[in-house]
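Before any comments, here is the structure.
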Amino acid sequence: YTLGGLTLITFLLQIITGVLLMVYYDPSPDGAYNSVDYVTYQVPSGWLVRGVHYYGSSAMVILAALHMLRTYFMSTYKKPRELNWMTGVFLLLLVFGFGFTGYLLPWDQKGYWATKVGTEIAASVPFIGTWIMQLMRGGAELGQATLTRFYASHVMLLPALTILFVIAHILQLRRHGN
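Heads up: the sequence shown runs through residues 101 to 278, numbered per the working numbering.
Here it is in structure tokens:
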């Protein structure tokens, strides 16, 4: 019964370490890798902050998924908690969005090619797939526009949406109880 609270604590740790990483991060193709390298090897305790953020993101995905599975198997998604279930599903999707957008930010080979594959998967959607891919990439190829869009999504759009949905989720939980 503590998985939701642990997920929230992990999210708060992600916010704290993310703000600390933002101080040194340069969201440009020329500077992104070097700024991550600088944080890891030059900034005092930068390796720790980056490590907590990196491994905390994996923990958050695991905890959110386990929380959803527990909720499903305990059947606590049923009436009168349907709205709470829906906010939880949307929060899980937001967590996946954080993982997808954050993976590109170091601008290394692994992140570049994972994003290329991920955006090409989006292109396979019938009728609007190519448009979705170009919207995500900011053009036909990965570059400055892609990095800027993923960075802005990762540090502004997704956190704002997540905070709103966490508040709604907690309010619903307080209304209906455990």
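Using N, Cα and C, we set each Cβ at its ideal position, and we do this for glycine too. Note that the structure is a prediction, hence the values are computed from the model and not measured.
8 Å Cβ cutoff met for residue i and residue j
{"i": "Met233", "j": "Thr219", "result": "yes"}
{"i": "Tyr133", "j": "Trp207", "result": "yes"}
{"i": "Thr187", "j": "Ala252", "result": "no"}
{"i": "Pro129", "j": "Gly243", "result": "yes"}
Per-residue burial, residue i [other beta carbons within 10 Å of its own, 16 or more giving buried]
{"i": "Arg275", "result": "exposed"}
{"i": "Phe198", "result": "buried"}
{"i": "Leu119", "result": "The amino acid at residue 119 is misidentified as Leu; the sequence shows Val. By the neighbour-count rule (16 or more Cβ atoms within 10 Å), Val119 is not buried but exposed."}
{"i": "Tyr125", "result": "buried"}
{"i": "Ser157", "result": "buried"}
{"i": "Gln114", "result": "buried"}
{"i": "Thr107", "result": "buried"}
{"i": "Gly105", "result": "exposed"}
{"i": "Asn278", "result": "exposed"}
Segment limits, alpha helix (DSSP H) that includes residue i
{"i": "Thr201", "result": "Glu182 to Leu204"}
{"i": "Met160", "result": "Gly146 to Phe173"}
{"i": "Thr246", "result": "Gln244 to Ala252"}
{"i": "Gln142", "result": "Gln142 -> no alpha helix (DSSP H), and no H or E assigned at all."}
{"i": "Ala260", "result": "Leu258 to His276"}
{"i": "Val119", "result": "Leu103 to Met122"}
Residue i in three-state terms, based on DSSP
{"i": "Phe227", "result": "coil"}
{"i": "Asp208", "result": "coil"}
{"i": "Pro127", "result": "coil"}
{"i": "Lys216", "result": "helix"}
{"i": "Tyr177", "result": "coil"}
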